[in-house]
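K.L.:
Chains as they are written, first to last, in the working numbering: chain D, 4 to 236; chain X, 44 to 825.
Beta carbons are placed, not taken as given, at the ideal position from N, Cα and C, and that holds for glycine.
(1) Apart from the five residues on each side of it in sequence, which residues of its chain come closer than 8 Å, Cβ to Cβ, to residue 5 of chain X?
(2) Looking at residue 406 of chain X and residue 78 of chain X, is the spacing between their C-beta atoms short of 8 Å?
(3) Kindly list the residues whose CB is nearer than 8 Å to the CB of residue 230 of chain X, restricted to its own chain and excluding five residues on each side of it in sequence; keep chain order.
(4) Hey, how far is the Cα of residue 137 of chain D from the Cα of residue 670 of chain X?
(5) I'd like to know if residue 128 of chain D contacts chain X, where contact means its C-beta is closer than 8 Å to some C-beta of that chain.
(6) If the cut is a Cβ gap below 7 Å, which residues of chain X does residue 148 of chain D touch?
(7) From X/532, X/404, X/559, X/563, pick the residue whose C-alpha is nearest to that of residue 551 of chain X; which is it?
(8) Please state whether the Cβ-Cβ distance between residue 356 of chain X and residue 379 of chain X is less than 8 Å.
(9) Against chain D, which members of the stretch 785-801 of chain X pass a CB distance test of less than 8 Å?
(10) So residue 734 of chain X contacts chain D; which residues on that side make the cut at Cβ distance below 8 Å?
(11) Could you tell me whether the stretch 133-152 of chain D touches the stretch 769-785 of chain X, using the rule of 3 or more Cβ pairs below 8 Å?
(12) Would you call residue 534 of chain X buried or exposed, if buried means 16 or more other Cβ atoms sit within 10 Å of its Cβ?
(13) According to DSSP, is residue 496 of chain X helix, strand or coil?
(14) Leaving aside the five residues before and after residue 454 of chain X along the sequence, list all residues of the same chain whose C-beta is less than 8 Å from its C-beta, in chain order.
(15) Given a limit of 8 Å on CB to CB distance, which residues of the stretch 173-187 of chain D reach chain X?
(16) Can you list, in chain order, the residues of its chain with a C-beta nearer than 8 Å to that of residue 218 of chain X? Leave out the 5 residues immediately preceding and following it.
(17) Would you check if the stretch 785-802 of chain X and the stretch 761-768 of chain X touch, i.e. whether three or more CB-CB distances between them fall below 8 Å?
(18) Just the chain X side, please: which residues come within less than 8 Å of residue 153 of chain D by C-beta, in chain order?
(19) Say whether chain D places a C-beta atom closer than 8 Å to the C-beta of residue 778 of chain X.
(20) Along the chain, where does the beta strand (DSSP E) that runs through residue 237 of chain D open and close?
(21) Report yes if the CB atom of residue 566 of chain X is closer than 8 Å to the CB atom of residue 557 of chain X, and no otherwise.
(22) Residue 94 of chain X bridges to which residues according to DSSP?
(23) Quick one: measure Cβ to Cβ for residue 229 of chain D and residue 33 of chain D, integer angstroms, because I've assumed they're closer than 8 Å.
(24) Note down, in chain order, every chain D residue with its Cβ under 7 Å from the Cβ of residue 807 of chain X.
(25) Does the Cβ of residue 187 of chain X have 16 or more other Cβ atoms within 10 Å, making it buried, or fewer, making it exposed?
(26) For residue 125 of chain X, count neighbouring Cβ atoms within 10 angstroms of its own Cβ and tell me buried if that reaches 16, exposed if not.
(27) Kindly identify the DSSP beta-bridge partner or partners of residue 293 of chain X.
(28) Which of the three DSSP states is assigned to residue 234 of chain X in this structure?
(29) Determine the chain X residues that contact residue 102 of chain D at a beta-carbon separation under 9 Å, and present them in chain order.
(30) Within this structure, are the beta carbons of residue 115 of chain D and residue 90 of chain D separated by less than 8 Å?
(31) Below 8 Å, can you find three or more Cβ-Cβ pairs linking the stretch 205-216 of chain D to the stretch 34-48 of chain D?
(32) Determine the chain D residues that contact residue 811 of chain X at a beta-carbon separation under 7 Å, and present them in chain order.
(33) Going by DSSP, what residue range makes up the alpha helix (DSSP H) through residue 56 of chain D?
(34) Rounded to a whole number of angstroms, what is the C-alpha to C-alpha distance between residue 837 of chain X and residue 752 of chain X?
(35) Taking 7 Å as the limit between beta carbons, can you name the residues of its chain near residue 767 of chain X, skipping five residues before and five after?
(36) Could you say which of X/797, X/815, X/765, X/189 lies nearest to residue 488 of chain X if we only look at CA atoms?
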């Protein structure tokens, strides 16, 4: 799928999220993420990281300002366009996201099946390849409650990278991950950035920097007054 | 996801729809239609009866009215007829006979017509004679106005009924002049009978009315003949006639004054206001009004507005029928008949109530019958369903028994007992059926076969140690059938639920102990989420018995195998001393047979063990030196184990190490066991060595077993390499091991080793080009 657009991949222009809907401070947030960039956002409260990722996905209404993804303002799109555009976002979230009634392989493919027109066969094949890449013997076909936490972590990575997403919203993705998984994950996001995907890495402190210092293009800190640029290195 | 798990809520089963129509909608519709028809017939009947009753009531009222009118006409007619007859007689009578004829005629009339009160005769000369009833019964008073001098007297002469004079006296007449009386004056210019207004007769306080007629005699004088008729008799008559139960009649004149009514002198109780009860009638109280006769007053008002006819009047919640009509032979008199509606409409009301009762009873019974009909239909349908289910169950059971009976190798312990679990699921409708066998030393339990009815898949070989399921083991060993509706809540089965059942989300657990020929519990038959009828126990007993025979044979085989392995191990120790010296190049270890191999060969059953190491973090030269020392120690460990287990070759390639066994032209059934033993020993050695170096396990292992191709390469033939899916899968198993230090094996390896090694399932996975398969973790040898 060839995608052509110019300008920032994700841009928050004085975006003031609704406090009632998100609990985020109703202050203007500004950020620009170019294709291939990786921005690290230091955020203390991981639940706020989830809400911030929701803001970037156009899931939180704004008091003012705009959030544009691939040049499109979320607020100006109709429902079908919004759904289609969200198919280009890969997320690793701390929110509970594995339904008990569905095996993991379906849950992995569900987002792409819903938001995109990629065939199930293609997704199945890609998911199996990604699963092996992230240290699974294949695409897991178990129920989530039958899987270990580490295997679910791997499945999380598979789901986020499935469908060649243009934007990766990662909420502390490598917490408690094994060294092998971290390596595989960093390889995967580096490859994604190579084809033009942007990465928003939301985590607390600088734990991430110790193994991906060289990959970060900019770093911000989430405060009650909005984003504050922090010095890298 | 199995297609059975996908339920489309939009789709309604045709059978359900038909059942709904036949068992609910149609009977309900028919019942409603029947009730509607009954209600319609009832209402129509009610209306017809009601109308008929009302018509009959009206006819009766009309007949009563006509009858009363005729009676009243007949009552007052003698007065007017008498006037006409008497005037004609007297007009042509000689003057000297006039009085005599008057008295004769009048006396006769008084004797014959009881309502007549008196007769007058006066002329234009002031002469006046009168005959009236005396107060004494049967006595008539002949009165004549006589003049003596200047005084005028009434001469009373009393005669009895036989005409004998019994008394005579005179009474002053004062200034009485008949010509001044209204009955005389009002006849002037009147042709025919003139009725005067009723008045209270002063003598006996009776209400009387005068009819008078003017005529001329042959001698040229003008005479007025008058007759008084008593209205009390009319009132008595009205009081005597029966109109309904509480009906009443009244005659009023055109000024609204009562002429006649029941109990005229005493205001009747029924229609009077409270103040008038018991009071005597006066001229004022004769005026009809809301205070004395409110119902008649309303009826009269209606008459004045609407004219004669029937009217319905309601007062104080009670309905009355008022009939009004003009009376013949009267001067504008009106006959009013008042009847409480209930008197005449009681039949209609009763008929209406009866009709409504009948309709209600029929509707209730119809409803009950409809309900019973629906209930009976449902019961019949339920019964039919049960019979159908029982029939299909019978067929299932018969088929299951037949399939078990004809299954080949049913008692062969080496053959998979798939038919048993499949038929268990068929018979009990369980989600999953499995057969578990205790290991010969009782240290664990192994799943011989597990059949998932929903997924239609067989699995098996899971092993669970006693330490993990102690309460479960104890419960099974007691030898009793155990049925647990929620396995996660029962202490005995809680751990089993966590380890086995939770994976597919089953809850209910049924356990049937399997007792073999050794007369001890050798295993257990387990059904998950099964529906078991009591009579089906025979099938479980049958399967348990068959399984018991199989398990006994398996246990005996295991014992023999164990003995043979012990003997083989002794032989290996002897052979080890005569092995040729090893040659090392890229191979850490090689079998002497390798020397004789040249070119590329295909091997049917190669066991491949791949060990992968994480990339080391090297900070300085000392790190490199210590790392090489560590690797050297690990290599020695590998070589030692490989030689001990007689592996075919061990190849080093970067951070990977490939151990192989079974690369022979003849399939070596022991190759996989050697590789598995080697993997366990290597893991133990690696962990020990790494722990000595204060390092965490940085390796993982993968084993596969299957066909591969390879051989000695190069001119000198010192390079042996192996390719194929088996090697790739072993690598995949090693790289995708769940944790460091874990030995992950494929399903093919598990199928061979499950009886001799402890393995745990990691789950089902889909791999491109390989399809769906399970991965297992090799834990230990039993």
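P.N.:
On the basis of the supplied data:
(1) The structure shown does not extend to residue 5 of chain X, since chain X is modelled only from 44 to 825, so the question has no answer here.
(2) The answer is yes: Cβ separation under 8 Å.
(3) A distance below 8 Å between beta-carbons, with the five flanking residues on each side excluded, links residue 230 of chain X to the following residues of its chain, in chain order: 237, 255, 256, 257, 267.
(4) 27 Å
(5) Answer yes: the Cβ-Cβ gap between residue 128 of chain D and chain X drops below 8 Å somewhere.
(6) 545
(7) Considering only alpha carbons, the answer is X/532.
(8) no
(9) Result list: 787.
(10) Simply none; closest approach about 18 Å.
(11) yes
(12) exposed
(13) Three-state DSSP puts residue 496 of chain X in coil, outside helix and strand.
(14) 589, 592, 593, 596
(15) Of all residues in the stretch 173-187 of chain D, 181, 182, 183 have a Cβ within less than 8 Å of some Cβ in chain X.
(16) 195
(17) Output reads no: the stretch 785-802 of chain X does not touch the stretch 761-768 of chain X.
(18) 781, 782
(19) yes
(20) No answer is possible for residue 237 of chain D: it lies beyond the span of chain D, which begins at 4 and ends at 236.
(21) Yes, the pair counts as a contact, with Cβ atoms nearer than the cut-off.
(22) Paired residues: none, contrary to the question.
(23) 7 Å
(24) Within chain D, the residues placing a beta-carbon under 7 Å from that of residue 807 of chain X are 144, 145, ordered along the chain.
(25) buried
(26) The residue is buried, with at least 16 neighbouring Cβ atoms inside 10 Å.
(27) X/304, X/379
(28) Coil, per DSSP.
(29) Think of a sphere of 9 Å around the beta carbon of residue 102 of chain D: no beta carbon from chain X falls inside it, the nearest being about 12 Å out.
(30) Taking C-beta atoms as the reference points, residue 115 of chain D and residue 90 of chain D count as a pair closer than 8 Å.
(31) Touching, yes, given that three or more Cβ pairs across the two stretches are closer than 8 Å.
(32) 128, 131, 132
(33) 49-59
(34) Outside the modelled stretch of chain X, which goes from 44 to 825, sits residue 837 of chain X, for which no answer is possible.
(35) 750, 751, 752
(36) Of the listed residues, the one whose Cα sits closest to residue 488 of chain X is X/797.
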